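So the structure is just underneath, and the comments pick up after that.
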């Protein structure tokens, strides 16, 4: 299967970082997922063979890390933190608001495939709570009104 | 990105270059960048270790172990390569300081890694950045590239004859990986399951080689210690607790933010002066002093110094410097439940007390909070937590048990108020009625 040139350059660089091939596995899986959308059977088999691992060994690693997934998510994965610092400043209300606004539950995906929603653990934005990550972008000091604007912007981007 | 704040009581050491564009290598050089590493190259390795030891710098990740001491455990001779591993897998709830370091001063981390390498005779270092911090990994990748381009990394650094390689590495979401042995497993491309110790990483670490593992803030402090001297740094804080610390203030505060304060700063002042006190006319109920794994302190227990030893005496921990301030509108049963839900989710499942303990505790707390608890459950929560303490492979079991035990002990009445099908007295509707009455 084909990855982008950028992926291949980074992968080749990563292999030079470590004394064992396998050490590049975790970041490689995340970069592959970013390109493909999720870790498909094809991706798993390709990376397993590149790293001299069995597919089972790769799946074993995937199931451990919360960012890695074998199931497709929406184009924009809305990750709402409800851990203590966010909880105290309205993280749960924000999650409920997103559920209502997007019409999906936790780990659901909208029927147009634009959004998926996920309740996540601490994302390291405690002093700027409540906070949300959409894919890798942080959105902080949120209110339900601000959240609506964030979602509108992403929807606009997706339909452009 | 994350806003910067300031307060007159701050003593800026690690945060000295924040907001000044120091992620750019030329700007970093203007701000005394890469001077410390050149100083280190002219020193005997033992002298560097002793300097860091004397500075009283203690691990900023949470355990608070003397950094120089940790470095001194690395054997001088080793058949296998030695490594420096920077722990940037920041994920303790309440903690958001490494994020600012990586964003504003990535070269300070690189410099710290190189100095640790020179001090211990290592020739390679890894900077592990948590997966969620992708933009910071990109900043770090660029910083490393720029440092190589200037000849500060690689073969013969600064023309000294010393070789040192620095590599970046990204995680993919796992709290447990912040534990040092799980961190090494993750870097080796495996599930982040802790290793049994001994042997300790300083002797058998990454790929079997001696490895120094330090938190990003610890390593970013090292260049300042080399330039300012051990005595200067030690005197910033109380005895045996050298320096300053990035305190992450969050929760019910008027001015949350990350502030750099001297070690030993008074907790009460931190909440009311630095953090601006409690908003909305509410009063303080409790504070998590150093990340969610620390025993909680009540409003009457906050007149304490924020240093490792004083916090230990106060029955809690300084931990990772994440203060979560809780006001009187908060249900402590719910709070305990949210903490346990986190640890249950993050438990790697490798050892039974943690895997089963966190799961049972979460289930009990869920039932309890929804009004299905019986009196015996309160003691059971305590008993189950106490049975996890010290009986797990890594500190995750303790991290789940310690806050829980303290919440049950200090807020037992709130647990009793939830008994026998009574609805949570703090749920939004109920709280509003209380105010109106």
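Protein chains in written order, with the numbering used here: chain A, 1 to 160; chain B, 1001 to 1437.
Even glycine gets a Cβ: it sits at the ideal position worked out from N, Cα and C.
Computed from a predicted model, the values in this text were never measured in an experiment.
Nearest to residue i (by Cα), restricted to the options the options
| i | options | result |
| --- | --- | --- |
| residue 993 (chain B) | B:1023, B:1334, B:1258 | Residue 993 (chain B) is absent from the model: chain B starts at 1001 and stops at 1437. |
| residue 1218 (chain B) | B:1108, B:1353, B:1334 | B:1108 |
| residue 1338 (chain B) | B:1201, B:1093, B:1275 | B:1093 |
| residue 1263 (chain B) | B:1040, B:1285, B:1325, B:1306 | B:1306 |
| residue 64 (chain A) | B:1145, B:1032, B:1349, B:1268 | B:1349 |
| residue 117 (chain A) | A:38, A:124, A:100 | A:100 |
| residue 143 (chain A) | A:20, A:91, A:110, A:135 | A:91 |
| residue 1112 (chain B) | B:1213, B:1186, B:1369 | B:1213 |
| residue 1005 (chain B) | B:1303, B:1226, B:1255 | B:1255 |
| residue 122 (chain A) | A:66, A:109, A:32, A:73 | A:66 |
| residue 1286 (chain B) | B:1026, B:1027, B:1408 | B:1408 |
| residue 88 (chain A) | B:1186, B:1389, B:1048, B:1334 | B:1334 |
| residue 1353 (chain B) | B:1418, B:1369, B:1398, B:1062 | B:1398 |
| residue 1060 (chain B) | B:1222, B:1402, B:1050, B:1387 | B:1222 |
| residue 40 (chain A) | A:151, A:10, A:73, A:14 | A:73 |
| residue 68 (chain A) | A:104, A:31, A:109 | A:31 |
| residue 1097 (chain B) | A:125, A:111, A:13 | A:125 |
| residue 1207 (chain B) | B:1187, B:1368, B:1192 | B:1187 |
| residue 1086 (chain B) | B:1103, B:1114, B:1078, B:1417 | B:1114 |
Contacting residues, own chain, Cβ-Cβ under 7 Å from residue i (five flanking each side not counted)
| i | result |
| --- | --- |
| residue 1089 (chain B) | 1128, 1130, 1171, 1177, 1178, 1183 |
| residue 1384 (chain B) | 1357, 1360, 1361 |
| residue 1432 (chain B) | Per-residue confidence for residue 1432 (chain B) stands at a pLDDT of 37, beneath the threshold of 50, marking its modelled position as unreliable; the derived number appears in the next sentence. Here the set comprises nothing. |
| residue 1364 (chain B) | 1377, 1380, 1381 |
| residue 1342 (chain B) | 1093, 1292 |
| residue 86 (chain A) | 129, 130, 131 |
| residue 97 (chain A) | 144, 147 |
| residue 114 (chain A) | 74, 75, 76, 155, 158 |
| residue 1413 (chain B) | none |
| residue 1091 (chain B) | 1130, 1175, 1178 |
| residue 1118 (chain B) | 1040, 1041, 1045, 1048, 1162 |
| residue 28 (chain A) | 11, 14, 47 |
| residue 1418 (chain B) | 1333, 1368, 1369, 1371, 1373, 1424 |
Cβ shell of residue i (< 6 Å), same chain only, five flanking positions each side left out
| i | result |
| --- | --- |
| residue 1317 (chain B) | 1290, 1294, 1311 |
| residue 1 (chain A) | 42, 46 |
| residue 1054 (chain B) | 1230 |
| residue 1351 (chain B) | 1392, 1393 |
| residue 1039 (chain B) | 1226 |
| residue 1017 (chain B) | 1031, 1105 |
| residue 1025 (chain B) | 1146 |
| residue 1430 (chain B) | Residue confidence for residue 1430 (chain B) is low, a pLDDT of 41 falling below 50, so the modelled location carries little weight and cannot support an answer. |
| residue 1148 (chain B) | 1154 |
| residue 1434 (chain B) | Interpretation of residue 1434 (chain B) is limited by its pLDDT of 38, a score under 50 that renders its predicted location unreliable; no figure is taken from the coordinates. |
| residue 1216 (chain B) | 1086, 1088, 1098, 1101, 1109 |
Beta-carbon contacts of residue i that lie in its chain and below 8 Å, excluding the five residues immediately before and after
| i | result |
| --- | --- |
| residue 1260 (chain B) | 1010, 1011, 1012, 1013, 1014, 1015, 1244, 1245, 1246, 1247 |
| residue 1200 (chain B) | 1073 |
| residue 25 (chain A) | 47, 51, 53, 58, 61 |
| residue 945 (chain B) | The requested residue 945 (chain B) does not occur in the structure, where chain B is confined to residues 1001 to 1437. |
| residue 18 (chain A) | 24 |
| residue 1283 (chain B) | 1299, 1327, 1328 |
| residue 1436 (chain B) | Low local confidence applies: a pLDDT of 36 at residue 1436 (chain B) is under 50, so the model's placement there is unreliable, with the coordinate-based value given in what follows. Nothing meets the Cβ criterion. |
> Using a beta-carbon distance cut-off of less than 8 Å, what residues from the segment 87-106 of chain A approach chain B?
Replying inline: 87, 88, 89
> Should the segment 1248-1264 of chain B be called in touch with the segment 1322-1338 of chain B, which here means at least 3 C-beta pairs below 8 Å?
Replying inline: yes
> Along the segment 1069-1095 of chain B, what residues have a CB closer than 7 Å to any CB found in chain A?
Replying inline: 1090, 1091, 1093, 1094, 1095
>> Check whether the segment 1112-1129 of chain B and the segment 1158-1168 of chain B are in contact - that is, three or more C-beta pairs closer than 8 Å.
In response: yes
>> For a minimum of 4 consecutive residues, which ranges assigned as the alpha helix (DSSP H) are wholly contained in the segment 7-78 of chain A?
In response: 25-36, 41-50, 55-62
> For the segment 1189-1200 of chain B, which residues have a beta carbon sitting closer than 7 Å to at least one beta carbon of chain A?
Replying inline: 1189, 1190, 1191, 1192
> Hey, is the segment 117-133 of chain A in contact with the segment 78-88 of chain A, meaning 3+ C-beta pairs nearer than 8 Å?
Replying inline: yes
> Which runs of the beta strand (DSSP E) fall wholly inside the segment 1061-1125 of chain B and span at least 3 residues, in chain order?
Replying inline: 1083-1088
> Of the residues that make up the segment 45-64 of chain A, which ones have a beta carbon closer than 7 Å to any beta carbon in chain B?
Replying inline: 60, 61, 64
>> Give me the subset of the segment 24-44 of chain A whose CB atoms are less than 7 Å from a CB atom of chain B, sorted by chain position.
In response: 24, 25, 26, 27, 29, 30
> For the segment 1326-1358 of chain B, which segments carrying the alpha helix (DSSP H) assignment without a break, of at least 4 residues, lie completely within its bounds, in sequence order?
Replying inline: 1332-1346
> Counting Cβ pairs closer than 8 Å, one from the segment 1054-1073 of chain B and one from the segment 1135-1152 of chain B, do we hit at least three?
Replying inline: no
> When you check each C-beta in the segment 1177-1189 of chain B against every C-beta of chain A, which residues fall closer than 7 Å?
Replying inline: 1186, 1187, 1188, 1189
>> If the cut-off is 8 Å on Cβ atoms, which residues from the segment 1236-1256 of chain B count as contacting chain A, listed in chain order?
In response: 1248, 1249, 1250, 1251, 1252, 1256
>> What are the residues in the segment 110-132 of chain A lying within 7 Å of chain B by C-beta distance?
In response: 121, 122, 123, 124, 125, 126, 127, 128, 129
>> Quick check for students: name the residue ranges of the beta strand (DSSP E) that lie wholly in the segment 1196-1222 of chain B, counting only runs of 3 or more.
In response: 1211-1215
> Considering only residues of the segment 1254-1325 of chain B, which uninterrupted alpha helix (DSSP H) runs meet the minimum length of 4 residues and lie entirely inside it, listed in chain order?
Replying inline: 1308-1313
>> So within the segment 103-159 of chain A, which uninterrupted alpha helix (DSSP H) runs reach at least 4 residues, ignoring any that extend past its ends?
In response: 144-159
>> For the segment 1199-1226 of chain B, list every residue whose C-beta sits within 8 Å of some C-beta in chain A, in sequence order.
In response: 1207
> What are the residues of the segment 1128-1150 of chain B that lie near chain A, defined by any Cβ-Cβ distance shorter than 8 Å?
Replying inline: 1130, 1131, 1132, 1133, 1134, 1135
> In chain order, which alpha helix (DSSP H) runs of at least 4 residues are fully inside the segment 1117-1183 of chain B?
Replying inline: 1134-1149
> Of the residues that make up the segment 1315-1331 of chain B, which ones have a beta carbon closer than 7 Å to any beta carbon in chain A?
Replying inline: 1322, 1324, 1326, 1330
> When Cβ atoms are compared, which residues of the segment 1001-1014 of chain B fall closer than 9 Å to chain A?
Replying inline: 1001, 1002, 1003, 1005
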